[in-house]
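Trainee: One structure follows; several queries about it will come next.
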Amino acid sequence: FLTANFRVNGARDLQQVRVRNLSAGGLMAEVPEPIAQGTPVELELRGVGRVAGRVAWHAAGRIGIAFDRMIDPQLARKPVGGGSKTPSYVKPILPIR
Numbered sequence: 777f778l779t780a781n782f783r784v785n786g787a788r789d790l791q792q793v794r795v796r797n798l799s800a801g802g803l804m805a806e807v808p809e810p811i812a813q814g815t816p817v818e819l820e821l822r823g824v825g826r827v828a829g830r831v832a833w834h835a836a837g838r839i840g841i842a843f844d845r846m847i848d849p850q851l852a853r854k855p856v857g858g859g860s861k862t863p864s865y866v867k868p869i870l871p872i873r
């Protein structure tokens, strides 16, 4: 899962939310408390940067956010590491035939 730093506009505190779905026009995230539809919010997405939007819906501990501008969601999915090869401890151990 992807996480993002989240803030309701006007609030000082950032909170971390778990992003469930991400698209060019918005996202779905898990939040601890309900947030009213239409509330302006701000998110900091890894690889994308700061994105403003509004709460489109809220249900069962999740919210939908419609971004004010389109983003490239692939930027948030890029790997964190900058290495040129996979470390040996990550490679699967295959039997010798």
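Under the numbering used here, the sequence shown is numbered contiguously, ending at residue 873. For each residue, glycine too, the CB sits at the ideal point set by N, CA and C. Predicted, not measured: the structure shown is a model, and the values here were computed from it.
If you follow the beta strand (DSSP E) that MET846 is part of, which residue opens it and which one closes it?
Mentor: As a position in the sequence shown, residue 846 is number 70, starting the count at 1. Counting along the chain, MET846 falls outside any beta strand (DSSP E), and DSSP gives it neither H nor E.
Trainee: Consult DSSP for ARG853 and reduce its assignment to one of helix, strand or coil.
Mentor: Numbered from 1 along the sequence shown, position 77 holds the residue referred to as residue 853. In this structure, DSSP gives ARG853 a helical state, which the three-state scheme calls helix.
Trainee: So is ALA812 in contact with chain D if we call contact Cβ pairs under 9 Å?
Mentor: Of the protein chains in the structure, only one exists, and it is not chain D.
Trainee: Taking the continuous beta strand (DSSP E) assigned at ALA828, which residues delimit it?
Mentor: For the purposes of this step, residue 828 is taken as the residue at position 52 of the sequence shown. Looking at the DSSP string, the run of the beta strand (DSSP E) that includes ALA828 is 825-835.
Trainee: What number of angstroms, rounded off, separates the C-alpha of LEU803 from the C-alpha of ASN797?
Mentor: Translated into the one-based positions of the sequence shown, residue 803 becomes position 27. Translated into the one-based positions of the sequence shown, residue 797 becomes position 21. About 5 Å.
Trainee: Using a 10 Å radius around the Cβ and a threshold of 16 neighbouring Cβ atoms, would you call ILE841 buried or exposed?
Mentor: Taking the first residue of the sequence shown as 1, we reach residue 841 at position 65. Classification of ILE841: buried, given that the 10 Å Cβ count is 16 or more.
Trainee: Relative to the C-alpha of VAL831, which candidate in ALA852, LEU851, ARG822, THR815 has its C-alpha closest?
Mentor: Here residue 831 refers to the residue found at position 55 of the sequence shown. For VAL831, the nearest C-alpha among the options comes from THR815.
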